[in-house]
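Accompanying notes for the structure given below.
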Amino acid sequence: MQRGLHFPAHVDWFRKHFVLKGAEEMLFQLQSLPCDMDLPVPSSMLSAVGNGQEDSSLLHRAYEPNPQHVHWMVGRWHYLDHYKSAYRTDEGQPWVLPVVKKVEQKIANDTSLNHEYLPILGLPEFRANASRIALGEDSCAIKENRVGGVQCLGGTGALRIGAEFLRRWYNGNNNTTTPVYISSPSWENHNSVFVNAGFKDIRAYRYWDAAKRGLDLEGLLEDMESAPEFSIFILHACAHNPTGTDPTLEQWKQIAAVMKRRFLFPFFDSAYQGFASGCLDRDAWAVRYFVSEGFELFCAQSFSKNFGLYNERVGNLSVVGKDTDNVQRVLSQMEKIVRTIWSNPPSQGARIVATTLTCPQLFAEWKDNVKTMADRVLLMRSELRARLQALGTPGTWNHITEQIGMFSFTGLNPKQVEYMIKEKHIYLMASGRINMCGLTTKNLDYVASSIHEAVTKFQ
Amino acid sequence: MALLQPARRLLSAAAQRHLCLAPVAARASSWWSHVEMGPPDPILGVTEAFKRDTNAKKMNLGVGAYRDDNGKPFVLNSVRKAEAQIAAKKMDKEYLPIAGLAEFNKASAELALGDTNEVIKSGRYVTVQTISGTGSLRVGASFLQRFFKYSRDVYLPKPSWGNHTPIFRDAGMQLQAYRYYDPKTCGFDFAGALDDISKIPEQSVILFHACAHNPTGVDPRPEQWKELAAVVKKRNLFAFFDMAYQGFASGDINRDSWAVRHFIEQGINVVLSQSYAKNMGLYGERVGAFSVICKDVDEAKRVESQLKILIRPMYSNPPIKGARIASTILTSPDLRKEWLEEVKGMADRIIDMRNQLVANLKKEGSSHNWQHITDQIGMFCYTGLKPEQVEQLTKEFSIYMTKDGRISVAGVTSGNVGYLAHAIHQVSK
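Protein chains in written order, with the UniProt record's numbering: chain P, 1 to 459; chain Y, 1 to 429.
So, in structure tokens, the structure goes:
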């Protein structure tokens, strides 16, 4: 049984010998937990609890960036990554969207509002509108009333509720052996979510082709062909994390065709709608295509990035079913699952999103804010690529602009990454992943020249 | 392995090919055909039924949400002030750490244990922010499932909050019970509890309601808590406290947390769930905490690291709004003072309603002994009414409560206490 995703050997070496900051690292592979059934009664019943970090074979410090520390670090170091993906302005600062400030003020001034419990499945206006954003105004599924939403705590919460439901009700009752396929690589928490939901057989499907720095479509399709029927596939709706590499429209069609023929279940993770291309509809194309092809599917939506509401924990699990009756029964069982994890969701973030989505003016303003963020990232991509090409940096760099979203798999190898960190004080992930939001007009030259040095010094 | 296949699996290969070309035909079957309709949540379901009722005199005595004497939700002044202060600071919306807002965690532990407590001073504890009380219980239950290797059994008082059972069960624990409520006296079955607890297998987990027991409103007296602690210590049981009503029960935060503090003083390293839903009125903001009292700082650090590993795949990190409000209140002397007064105000109103209900029942001419209504404490009251009587109350008088006869006293006002007494008398005379 594969527990946790594994890094290639050279990356493991790197991680072992170089202290990396980031709780992402700390949490990533800590699936091996102490199980000391034979211990004599200790003085404390908790003394068998191992340190989360020490359980790992990786030698690294626990480090969870103190927000103040990160800002200091940004000055001294160039943070091209940190353990939580968050947008930064050209000044390297967090950005509360102007429309969000406006709506929060509106909410604060509304004396009719209080702090009462939301229903278990969340704020109805939020759920309906969030699903509408994902599936589109003219969605036949919505018109046919076969879509349901569950307000959840961020994208993570939506994934977890969906995973818990699937483990209980998909492919039989409580069938923990249904294979769950996660892209290689993927967001590291995907694995934990499905393991903790009770699935026993987590597998990787090929995705990133390091040699050509692009999508390994052939490998992906082969893995889908050979996957057992009814396997669950976690698909990134857009702006694949961490590679930034998405299938083209034609490639999505091929993927959908195989999944339909092999009865594979699509579970979309949509954390960057609008944030990737700047256009909501474009970023939702894959999800909508699958719906139009008749799939029943789940889509875990996060509003952390596209609304900048990170710490309010706003997410929605959209459920698309064959018909109303099925969706109603599914939602009723989702209620039972939600009730034992958090009872009912937090209201603030959902109110902000619902208010924004239901007012045409605010909605337009929001789309504009989203485009601002997406455009800045796109600009940084094109500027970085242009500089690397102008410098004549060895290798090809079109992947920088072909990739999309917050992250880019630069293709830098561990030695080159080490150089960047140690010598140039530019922090990025061992995988060569950079967070585009860490780039600014002020540091572009420095970053480009540093990459150039790293690549020319180390092969 | 799949036991229930969608119909399309049984189709021939040719028919399957046609499915790809005909989305409409493909919609013939669903993955979810076998999914049953879940029963409505017994507690929250009461409110839903209430909302549908058109009777002007209807009363919602179901869910435990405080109401003022006009029957309206109550937003505390201290909360409003804290919100305004926070808004003025114009803070960003960056993710909280997995364990939540540090200032909140510290303040929460201090509220529960007292800031001069040896545990706080030595740092031999960990507190993580959670999604209110439910989230706290779930994190705790999951932690026990993973690390408490001595037993799978969690002993709940009989009865307990309805959601305790599914929370622990979903987390992978097994549920057992110890006697608690005595229906004959509508009070605490102390002898029965001691008897049962003294027979619980050593190193089992036992859950206590720290104060204002839900649903009965029946709490042990301090001298009874002392004996319970002694037995727990003797049997080496693992004590899990659920404290959802600190301050709300007696009006005094120190009195309401006395049992928790006593257990710790006796050398029992408890775990504790806290909720700020009721005592700060922050229901929908989902503010809570889970604490583990540890042997030493090192153990606390190890436990914290594992709690984070449990939380990350649940929801990554908690929502900020409510925790910021709670933290601001707890750490600002003026706001804290005001808050304590408001909590006392809520508790006093509840006590007043209890008194008025009993007085009105007497006036109605009821011959029953209703003393338990004033003996019990907190938001809830186990009236002693039977399911048939509860049903009659709902059908004939539009008074909504859970079938076990539990009423939320917070839903009683000076305006409707007479009507309630009348109705109860009608169904019980």
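Idealized CB from N, CA, C, for every residue including glycine. Given the structure is predicted, the values throughout are model-derived calculations rather than measurements.
At the level of alpha carbons, what is the spacing between residue i and residue j?
i: P/Thr248; j: Y/Ile43; result: 49 Å
i: Y/Ser273; j: Y/Phe240; result: 8 Å
i: P/Arg339; j: Y/Asn163; result: 8 Å
i: Y/Ala26; j: P/Ile182; result: Low confidence applies here, because Y/Ala26 scores a pLDDT of 41, under 50, leaving its location unreliable; read the following figure in that light. So the alpha carbons of these two residues sit roughly 26 Å apart.
i: Y/Gln373; j: Y/Lys344; result: One point to set straight first is that residue 373 of chain Y is Ile, not Gln, in the sequence displayed. Roughly 19 Å between the two C-alpha positions.
i: P/Val319; j: P/Gln151; result: 11 Å
i: Y/Phe50; j: Y/Lys58; result: 8 Å
i: Y/His422; j: Y/Ile351; result: 19 Å
i: Y/Gly123; j: Y/Glu299; result: 10 Å
i: P/Thr456; j: P/Ile133; result: 45 Å
i: P/Asp281; j: P/Gly405; result: 15 Å
i: Y/Ser332; j: Y/Trp370; result: 42 Å
i: P/Trp252; j: P/His190; result: 21 Å
i: P/Leu97; j: Y/Ser327; result: 25 Å
i: Y/Val119; j: P/Lys367; result: 50 Å
i: P/Ala364; j: Y/Gly418; result: 53 Å
i: Y/Glu342; j: Y/Leu282; result: 13 Å
i: Y/Glu110; j: P/Ala257; result: 58 Å
Quick check on DSSP: helix, strand or coil for residue i?
i: Y/Gln376; result: coil
i: Y/Ala177; result: strand
i: P/Cys152; result: strand
i: P/Ala257; result: helix
i: P/Arg127; result: helix
i: Y/Ile424; result: helix
i: Y/Pro159; result: coil
i: Y/Gln127; result: It is worth fixing the name first, because residue 127 of chain Y is Thr in this sequence and not Gln. Strand, per DSSP.
i: P/Tyr202; result: Reading off the sequence, residue 202 of chain P comes out as Ile, not Tyr. Strand at P/Ile202.
i: P/Gly214; result: strand
i: Y/Asp196; result: helix
i: Y/His368; result: coil
i: P/Asn241; result: coil
i: P/Arg167; result: helix
i: Y/Met401; result: coil
i: Y/Val35; result: coil
With burial defined as no fewer than 16 other Cβ atoms inside 10 Å of the residue's Cβ, what is the status of residue i: buried or exposed?
i: P/Ser231; result: buried
i: P/Asn443; result: buried
i: Y/Arg302; result: buried
i: P/Thr176; result: exposed
i: P/Ala390; result: exposed
i: Y/Tyr95; result: buried
i: P/Asp246; result: buried
i: P/Pro179; result: buried
i: P/Ser382; result: exposed
i: P/Tyr446; result: exposed
i: Y/Val297; result: exposed
i: P/Thr89; result: exposed
i: Y/His368; result: exposed
i: Y/Ala56; result: exposed
Check the C-beta distance from residue i over to residue j and give it rounded, since I have them as a contact under 8 Å.
i: Y/Arg235; j: Y/Ile200; result: 6 Å
i: P/Tyr117; j: Y/Gly284; result: 5 Å
i: P/Gly315; j: P/Ser302; result: 5 Å
i: Y/Lys81; j: Y/Leu335; result: 6 Å
i: Y/Leu113; j: Y/Arg261; result: 6 Å
i: Y/Tyr382; j: Y/Cys186; result: 6 Å
i: residue 430 of chain Y; j: Y/Ile377; result: Residue 430 of chain Y is absent from the structure shown; chain Y starts at 1 and stops at 429.
i: Y/His209; j: Y/Pro157; result: 7 Å
Below 7 Å on C-beta distance, what does residue i contact in chain P?
i: Y/Arg138; result: Thr340, Ile341
i: residue 430 of chain Y; result: Outside the displayed range of chain Y (1 to 429) lies residue 430 of chain Y, so it cannot be described from this structure.
Cβ closer than 7 Å: which chain Y residues qualify as neighbours of residue i?
i: P/Val193; result: Pro313
i: P/Arg196; result: This sequence places Asn at residue 196 of chain P; Arg is not what is there. Here the neighbours are Pro313.
i: P/Glu137; result: Ordered by position in chain Y, no residue passes the 7 Å Cβ test against P/Glu137, which lies about 20 Å from the chain.
At 9 Å on the CB atoms, spell out the chain Y contacts of residue i, in chain order.
i: P/Asn326; result: Ser30, Trp31, Trp32, Ser33, Val35
i: P/Ala134; result: Within 9 Å Cβ-Cβ: nothing; P/Ala134 doesn't reach chain Y, min ~19 Å.
Please compile the residues from chain P whose C-beta is within a distance smaller than 9 Å of the C-beta of residue i.
i: Y/Val154; result: Chain P residues near Y/Val154: none, gap ~14 Å exceeds 9 Å.
i: Y/Asn163; result: Arg339, Thr340, Ser343
Just to make sure I have the definition right: I need the residues of chain P whose C-beta is within less than 8 Å of the C-beta of residue i. Which are they?
i: Y/Leu282; result: His115
i: Y/Ser132; result: Trp342, Ser343
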